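So the structure is just underneath, and the comments pick up after that.
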Ligand code: FHN
């Protein structure tokens, strides 16, 4: 009986039931986009941990838990949208207990963490972020602070450590997702804290959260990233000191931990801006911070949904294009999978990860360890992941092409250095490209590459052109 007494005492203390206290709104699941008018911008971190995070560029996000069990279906009805929010459908029908009872029967017997780690490695991912506790409060590790966890389920043991160990053995960096929102803990409320009693109850939740974060930061080896989520409820948002307290607490336990901006209630970017969710930054936006975009493979759901809705599954070309677009703008790309309740990764996701991996096998040096080339290429991008994206390694530019231009030229506006050589990577062998300069009627000179083949045999889903530049003047 771990910490049951605290729970029971609080259940009695609170006048509102946890279910009614939540202003659950599935619209929230569509994106954490609310911004403060003014946010604290810290100087970019220059330490080794942060440099490694930047180099990684590509990660896999894993949304898994008891929310995976209904697969987006309640009482035989498909609930469109985000399957990991299905708790709200149960709660709205007065079936919160039924939802939570799943914690006892959760039994992912086909879970094979080593196979997951191999798949992530094969995809070319350099880091992973696992959900350890989503908004429903169910914990995927063996927490000493609750029985509402993997150890208390039919499965009976920690799900996180074996995955952490397997990924680390594959050379993949570890990030852990932790939801601030908790629909299970009796001390948590979504509402504004008005009375001393409400504040005291929330304090028990803060202490619980800090205790759990200590477990996550001390029992799983070298965790690189803490990925917070769910900062928008009034209880947390209207009390910015809570976010500061949580952030300081984590750093006091692990000095070089990388923390995303969602730890704080809209007043700080923390180590990086993680607000790009299911979207990439606007092309006009100035990106002078570290940032990361997280992305679903189907349009809307993060958790396993038996019938995902929306615009269908993204193609490997689209995914690679989005990854390249993020790299070209100095950001990381975190691609989600939502494993099944049995513990497998569905074929739609496996196929896409493998296709990305097949491309990364030959072209990861156009992504991993690169920095933005800061060129506005033409032809221009029409939608995210569709176009030509330029990254840079030292004096070499890498152009990742997901939409082949209609002409045999690619312009490189903004390039102020001479080209030594340009080569299209093609399966039959490298294709040398010519280059030249064109001056328009306003006297503006533009460097271009030419001699591109009109089609791209063997270069699907994305071609790569390496452009060697003359060394920069010292
Ligand atoms: O509500 C969650 C959602 O379920 C999912 O976890 C995403 C991932 O970034 N974050 C929240 C919405 O912003």
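In the working numbering, the protein residues as written are 155 to 628.
Glycine is no exception: its CB is placed at the ideal position from the N, C-alpha and C atoms.
This structure is a prediction, so every number in the text was calculated from the model and none was measured.
For my contact list, residue i and residue j are in at a C-beta cut-off of 8 Å; report their separation, rounded to the angstrom.
i           : j           : result
residue 217 : residue 519 : Their Cβ separation, rounded to whole angstroms, is 30 Å, which puts residue 217 and residue 519 out of contact at 8 Å.
residue 376 : residue 210 : The pair is not a contact, with the Cβ atoms about 14 Å apart (cut-off 8 Å).
residue 562 : residue 608 : 7 Å
residue 446 : residue 488 : 6 Å
residue 606 : residue 564 : 7 Å
residue 194 : residue 421 : 6 Å
residue 543 : residue 479 : 5 Å
residue 573 : residue 270 : Between residue 270 and residue 573 the Cβ distance is about 43 Å, and since that is not below 8 Å, they are no contact.
residue 367 : residue 404 : 6 Å
residue 592 : residue 586 : With 8 Å as the limit, residue 592 and residue 586 do not qualify as a contact, their Cβ atoms being about 20 Å apart.
residue 309 : residue 360 : Rounded, the Cβ-Cβ distance is 29 Å, inconsistent with contact.
Hey, is residue i close to the ligand FHN, as in C-beta under 7 Å from one of its heavy atoms?
i           : result
residue 445 : no
residue 548 : no
residue 448 : yes
residue 383 : yes
residue 238 : yes
residue 217 : yes
residue 453 : no
residue 431 : yes
residue 456 : yes
residue 338 : no
residue 288 : yes
Mind checking whether residue i and residue j have CB atoms under 8 Å apart?
i           : j           : result
residue 507 : residue 277 : yes
residue 419 : residue 394 : yes
residue 627 : residue 457 : no
residue 481 : residue 577 : no
residue 492 : residue 222 : yes
residue 475 : residue 441 : no
residue 282 : residue 325 : no
residue 228 : residue 460 : no
residue 554 : residue 618 : yes
residue 262 : residue 462 : no
residue 362 : residue 341 : yes
residue 286 : residue 331 : yes
residue 401 : residue 412 : no
residue 551 : residue 512 : no
residue 529 : residue 567 : yes
residue 502 : residue 451 : yes
residue 214 : residue 274 : yes
residue 349 : residue 389 : no
residue 196 : residue 382 : no
residue 288 : residue 365 : no
residue 301 : residue 311 : no
residue 539 : residue 438 : no
residue 497 : residue 253 : no
residue 556 : residue 616 : yes
residue 337 : residue 241 : yes
residue 294 : residue 313 : yes
residue 374 : residue 315 : yes
residue 426 : residue 444 : yes
residue 272 : residue 212 : no
Within 10 Å of its beta-carbon, does residue i have 16 or more other beta-carbons around it, so buried, or fewer, so exposed?
i           : result
residue 392 : exposed
residue 290 : buried
residue 625 : exposed
residue 612 : exposed
residue 415 : buried
residue 198 : exposed
residue 590 : exposed
residue 181 : Caution is warranted here: a pLDDT of 40 is assigned to residue 181, below 50, making its placement in the model unreliable, and no coordinate value can be reported.
residue 155 : Any answer about residue 155 is weak, because its pLDDT of 46 lies below 50 and its placement is not dependable; what the coordinates show is given next. Per the 10 Å Cβ criterion, exposed.
residue 178 : Here the model assigns residue 178 a pLDDT of 39, short of 50, so the residue's position is not dependable, and the following value carries that caveat. Looking at its Cβ environment, which holds 16 or more other Cβ atoms inside 10 Å, residue 178 is buried.
residue 470 : buried
residue 346 : exposed
residue 621 : buried
residue 524 : buried
residue 307 : buried
residue 357 : exposed
residue 224 : buried
residue 202 : exposed
residue 408 : buried
residue 333 : buried
residue 200 : exposed
Is residue i near the ligand COA, with its Cβ less than 7 Å from a heavy atom?
i           : result
residue 304 : You won't find the ligand COA in this model; what it holds is the ligand FHN.
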